[in-house]
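Sequential numbering of the sequence shown, starting at 1, is according to UniProt numbering.
C-beta atoms are modelled at their ideal positions from N, C-alpha and C, and glycine is treated no differently.
Note that the coordinates shown come from a computational prediction; the quantities given were computed from them, not determined experimentally.
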Amino acid sequence: MRQTKIDDFLELEKENKKLEKLVAIEVEKNRQKDKIMFQQNKMAAMGEMLNNIAHQWRQPLMELSSLFIPIQAKLEINNQLSKTQLLDSIERLNSITKYMSNTIDDFRNFFVNDKEKVRFKLSDQINSSMGILSVGLKKNDIMLDIIIKKNPTLYACKNEYTQVLINIINNAKDVLIHRQILKPKIIITLSEDEEFAILSVDDNAGGIKINNIEDIFKPFFTHEKKDGTGVGLFMSKLIIENNMNGKLEVSNTEKGASFKIKVPKKLA
Ligand SMILES: Nc1ncnc2c1ncn2[C@@H]1O[C@H](COP(=O)(O)OP(=O)(O)O)[C@@H](O)[C@H]1O
Ligand SMILES: [Mg+2]
1 MRQTKIDDFL ELEKENKKLE KLVAIEVEKN RQKDKIMFQQ NKMAAMGEML NNIAHQWRQP
61 LMELSSLFIP IQAKLEINNQ LSKTQLLDSI ERLNSITKYM SNTIDDFRNF FVNDKEKVRF
121 KLSDQINSSM GILSVGLKKN DIMLDIIIKK NPTLYACKNE YTQVLINIIN NAKDVLIHRQ
181 ILKPKIIITL SEDEEFAILS VDDNAGGIKI NNIEDIFKPF FTHEKKDGTG VGLFMSKLII
241 ENNMNGKLEV SNTEKGASFK IKVPKKLA
């Protein structure tokens with residue numbers, strides 16, 4: 001009797017081990033599947049993006065290729081060309097190429113493979129972004145206030161975070177300039193709650209003036225802009241919500257728009 005119990009026990013142990021192995025194999029299989037799916041997803045997204053870029057570029061390319069035809073014709077026929085006409089064409093050329101370059105930048109930054117996660121203080125992030133942004137802000141007399149209520153640590157991809165921050169601040173800058181706001185101002189506030197490190201960007205440009213405010217996160221949604229691509233906020237939302245498990249929120253305040261980047265805090 002006793003012996004059988006031990007035998008049973010050993011048998012059970014054996015079965016357990018077998019099961020554990022099977023589970024481990026299945027888990028690994030699933031992980032591989034996830035990986036493949038993630039890759040496929042990314043490839044599909046990339047394909048879609050390339051299509052979109054091609055689509056987005058067709059029009060400006062056509063315009064570029066015909067931009068100088070009248071000038072060429074004039075020169076060939078009578079050698080006469082007004083300075084204004086040439087300057088107009090050059091200005092148009094600059095605007096078109098700027099638009100094309102914006103499109104590519106917006107897309108590229110999302111697909112670069114530099115996705116290493118690191119630990120960093122929220123305030124570090126402001127410093128590195130300001131290096132890129134401060135000239136443009138100063139040039140347009142835009143005041144920047146930084147309020148540090150809390151300075152939590154995150155564990156995330158720094159490049160992507162910077163990218164989002166730059167997108168949001170650049171948008172605020174664009175609107176402040178476009179609407180010719182008196183005393184233009186951007187306020188960045190660092191804080192935290194139980195779960196998230198929170199960075200808010202507020203401006204005094206009058207807010208987002210469309211019916212459904214969430215539309216700004218749709219791909220290619222652009223409004224009131226000459227060179228807008230409509231990619232920036234779409235990418236930003238993907239980065240924060242899909243890659244970082246966070247939230248990107250928007251609302252209108254009395255003075256303007258308010259964006260909140262919420263990323264889970266690094267567990268100590
Ligand atoms: N701070 C803001 N104030 C008002 N409108 C904004 C603000 N930020 C973004 N928007 C609106 O959201 C739109 C989408 O932004 P985005 O995705 O970055 O594309 P783009 O800047 O190329 O137009 C902008 O065209 C603009 O109309
Ligand atoms: Mg933008």
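For VAL175, which residues of its own chain have a beta-carbon under 6 Å away from its beta-carbon, when the five flanking residues on both sides are left out? In the same chain as VAL175, and ignoring 5 residues on each side of it, the C-beta atoms closer than 6 Å to its own belong to ALA205, in chain order.
Under 8 Å between C-beta atoms of ILE208 and ILE198: No, they are not a contact pair.
- prompt: Going along the chain, which unbroken runs of the alpha helix (DSSP H) with 4 or more residues stay wholly within the region 55-100?
  reply: Runs of the alpha helix (DSSP H) lying entirely within the region 55-100 and spanning at least 4 residues, in chain order: 69-78.
* **Terminal residues of the alpha helix (DSSP H) in which VAL201 lies** => DSSP places VAL201 in no alpha helix (DSSP H) but in the uninterrupted beta strand (DSSP E) bounded by 196-203.
What's the gap between the Cα of LYS83 and the Cα of PHE68?
Computed Cα separation, rounded: 14 Å.
Consult DSSP for ASP145 and reduce its assignment to one of helix, strand or coil. Three-state result, ASP145: strand.
Checklist line | Nearest-angstrom Cβ-Cβ length linking ILE53 and THR103, presumed shorter than 8 Å | finding: Between the beta-carbon of ILE53 and that of THR103 there is about 6 Å, and that keeps the pair under the 8 Å contact cut.
Fill in: Spatial neighbours of LYS237 in its chain, beta-carbon cut-off 7 Å, leaving aside the 5 residues before and after
Within the same chain, LYS237 has close Cβ partners PHE217 and LEU248.
Query raised in the report: Could you check where the beta strand (DSSP E) with ASN171 kicks off and where it finishes?
Result: Boundaries for ASN171: no beta strand (DSSP E) harbours it, while the alpha helix (DSSP H) harbouring it runs 158-178, taken from the DSSP string.
Express the C-alpha separation of LYS139 and GLN32 in angstroms, rounding to a whole number. Rounded to whole angstroms, the gap between the alpha carbons of GLN32 and LYS139 is 50 Å.
Less than 7 Å between the CB of THR229 and some heavy atom of ligand 1, yes or no? Result yes, Cβ under 7 Å from ligand 1.
Say yes only if the C-beta of MET167 is nearer than 7 Å to one or more non-hydrogen atoms of ligand 1, and no if none qualify. Looking at the sequence provided, one finds Asn at residue 167 rather than Met. The answer is yes for ASN167.
Within the same chain, show all residues whose beta-carbon is closer than 8 Å to that of THR253, passing over the 5 residues directly before and after it, in chain order.
Excluding positions up to five away in sequence, the list reads ASP202 and GLY207.
ask   = Between GLN72 and ASP227, what straight-line distance do the alpha-carbon atoms span, to the nearest angstrom?
value = Each residue's alpha carbon lies about 26 Å from the other.
Within its chain, find whatever has a CB closer than 6 Å to the CB of LYS150; leave out the 5 residues flanking it on each side and keep chain order.
Same-chain partners within the cutoff: SER191 and GLU192.
Under DSSP, the alpha helix (DSSP H) around LYS237 begins and ends at which residues? Start and end: 232-237.
Note to self: I'd like to confirm something about HIS55: is its beta-carbon nearer than 7 Å to some heavy atom of ligand 1, or not?
What the structure shows: No, ligand 1 has no heavy atom inside 7 Å of this Cβ.
Using 8 Å as the threshold, is the C-beta distance between PHE120 and THR153 below it? Going by C-beta atoms, PHE120 is nearer than 8 Å to THR153.
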